[in-house]
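In the UniProt record's numbering, the protein residues as written are 1 to 475.
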């Protein structure tokens with residue numbers, strides 16, 4: 001019985017799909033003007049777990065994800081430049097080239113984190129006609145008005161506007177939530193179609209019934225999700241930052257057009273945050289969310305450059321519930337790296353135990369129960385470690401159980417192999433010196449040499465057959 005938190009109801013409820021055995025899932029994708037940072041990627045890890053759990057429960061999942069390659073302005077206030085135009089100026093390449101480059105970079109990051117790609121990628125620039133038609137439909141129903149810079153949605157015409165975020169619309173003061181735009185009737189009104197500034201030629205602009213321009217950010221997800229999933233589907237995902245503006249405005253657009261509930265389940269991942277104190281030393285400090293500007297911008301490539309396996313970051317994310325803020329520090333990532341290295345070593349050992357094993361029903365039931373409880377991945381990891389440490393099970397049974405769990409964890413247990421240990425002349429000399437020191441009972445020297453080799457990722461293990469060298473994490 002899968003239970004999921006619904007942002008709309010603010011409760012964890014039993015999940016029931018609209019159509020038995022099938023689930024329509026829409027996830028807000030990346031604005032491709034820069035690399036995804038690891039805060040973005042945390043949300044996609046949560047959505048990947050959701051998709052895998054739905055499949056595990058026997059659902060046929062239709063997963064749709066947009067690619068925002070136009071229309072996302074630098075301000076949620078419908079002011080400022082398009083982020084794609086800003087990125088183009090920053091890098092000296094066309095907005096189209098920029099979009100293609102960062103879209104492929106995002107797909108590469110997804111593969112390195114074992115994230116399943118959606119069944120359908122939909123780019124905003126390839127669905128301009130659908131977006132124009134949606135705006136025309138809203139116009140025909142009296143939900144729009146036009147001012148100097150574009151066509152706007154009149155939120156005062158929708159009685160339950162802001163229900164997802166529990167917005168107190170009447171209590172909002174001008175400029176409190178968003179900057180004002182001359183001609184806007186209400187603070188919460190938002191752009192459906194922006195007109196190109198006079199005398200300027202944008203890289204991305206199209207003819208429309210209202211003039212040459214480009215779509216607003218919110219209209220793209222509304223139009224594309226309706227095209228591929230219909231005007232009533234099961235789950236819409238994103239980060240919590242989408243709740244008060246982006247998802248609130250998507251709901252307004254579609255439900256104003258159809259007059260009925262659009263999405264049954266709204267699910268949002270919490271932020272990855274950074275401590276504001278110096279480095280990682282402060283255990284208690286204020287935190288800030290990661291963003292694509294300033295010193296907060298940490299990419300998966302940076303983690304790899306620092307020597308971390310990308311799946312260490314997946315493991316790090318799964319150690320926290322998707323609805324809980326997760327504080328990123330290098331020290332915390334080191335802890336995840338060490339745990340993941342131990343896990344890999346044990347998996348390789350169990351893999352070599354030989355024989356066909358059987359899945360442990362009790363351990364697997366604990367694992368499934370954790371995931372069915374609103375995707376409780378910390379409990380699921382604990383169940384996984386319970387298998388690793390259960391000496392009452394055969395190695396083959398433990399390995400079989402871990403393989404079954406890996407359908408959701410996606411660490412690639414089946415492909416894990418013992419890393420090659422390179423023992424060069426210098427390492428051999430150090431081992432001989434350590435052996436000699438141990439014979440002299442010079443344990444201080446022996447321990448020093450062992451620590452030096454540990455820093456190189458080599459663990460010395462003393463056995464009756466002599467000293468053996470095993471790989472290990474140097475963190």
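Even for Gly, the Cβ is constructed at its ideal location relative to N, Cα and C.
With a Cβ-Cβ cutoff of 8 Å, do residue i and residue j count as a contact?
i	j	result
residue 108	residue 60	no
residue 78	residue 70	no
residue 470	residue 454	no
residue 236	residue 254	no
residue 374	residue 3	yes
residue 366	residue 383	yes
residue 308	residue 337	yes
residue 213	residue 137	no
residue 217	residue 72	yes
residue 32	residue 67	yes
residue 118	residue 27	yes
residue 371	residue 380	yes
residue 48	residue 116	yes
residue 240	residue 199	no
residue 340	residue 318	no
residue 132	residue 313	no
residue 153	residue 190	yes
residue 363	residue 386	yes
residue 247	residue 164	yes
residue 161	residue 252	yes
Since residue i is in the alpha helix (DSSP H), which residue starts that stretch and which ends it?
i	result
residue 212	That residue, residue 212, is in no alpha helix (DSSP H); it is neither H nor E in DSSP.
residue 363	361-372
residue 400	395-409
residue 315	310-318
residue 343	330-351
residue 389	377-389
residue 252	248-258
residue 43	38-56
residue 140	128-140
residue 86	83-91
residue 304	300-305
How many whole angstroms separate the CB atoms of residue i and residue j, which I take to be in contact at a CB cut-off of 8 Å?
i	j	result
residue 222	residue 250	5 Å
residue 401	residue 359	5 Å
residue 398	residue 406	The pair is not a contact, with the Cβ atoms about 13 Å apart (cut-off 8 Å).
residue 42	residue 326	7 Å
residue 155	residue 210	Going by Cβ atoms, the distance from residue 155 to residue 210 rounds to 19 Å, so no, they are not a contact pair.
residue 320	residue 275	The Cβ separation is near 15 Å, so there is no contact.
The beta strand (DSSP E) spanning residue i covers which residue range?
i	result
residue 11	11-14
residue 96	Residue 96 -> not in any beta strand (DSSP E); alpha helix (DSSP H) instead, spanning 95-112.
residue 181	Here residue 181 belongs to no beta strand (DSSP E), and DSSP marks it neither H nor E.
residue 77	Premise fails: residue 77 is in no beta strand (DSSP E) and is neither H nor E.
residue 153	150-153
residue 3	3-6
residue 269	263-269
residue 272	272-275
residue 123	120-123
residue 168	Run containing residue 168: none; DSSP gives neither H nor E here.
residue 67	60-67
residue 146	144-147
Whose C-beta lies closer than 8 Å to the C-beta of residue i among residues of the same chain, with five residues either side of it excluded?
i	result
residue 284	With a pLDDT of only 41 at residue 284, under the threshold of 50, the placement of this residue in the model should not be trusted, and no figure is reported.
residue 11	5
residue 86	33, 74
residue 356	396, 400
residue 127	220, 223, 224, 227
residue 430	449, 452, 453
residue 14	1, 2, 3
Give every residue of the same chain whose Cβ lies closer than 7 Å to the Cβ of residue i, excluding the five residues on either side of it in the sequence, and list them in chain order.
i	result
residue 9	none
residue 178	Caution is warranted here: a pLDDT of 49 is assigned to residue 178, below 50, making its placement in the model unreliable, and the coordinate value is therefore given only provisionally. Closer than 7 Å at Cβ, skipping near neighbours: 76, 77, 187.
residue 120	64, 228
residue 19	none
residue 468	461
Going by beta carbon distance, what residues of the same chain come within less than 6 Å of residue i, once the five residues before and after it are set aside?
i	result
residue 456	none
residue 125	69, 70
residue 105	35
residue 24	62, 229, 233, 234
residue 344	416
residue 388	346
residue 465	none
residue 29	65, 66, 67
Say yes only if the C-beta of residue i is nearer than 7 Å to one or more non-hydrogen atoms of the ligand NAD, and no if none qualify.
i	result
residue 48	The ligand NAD is not part of the structure shown, which contains no ligands of any sort.
**Item:** alpha helix (DSSP H) runs wholly inside the stretch 425-461, at least 4 long, in chain order
**Value:** 425-439, 443-455
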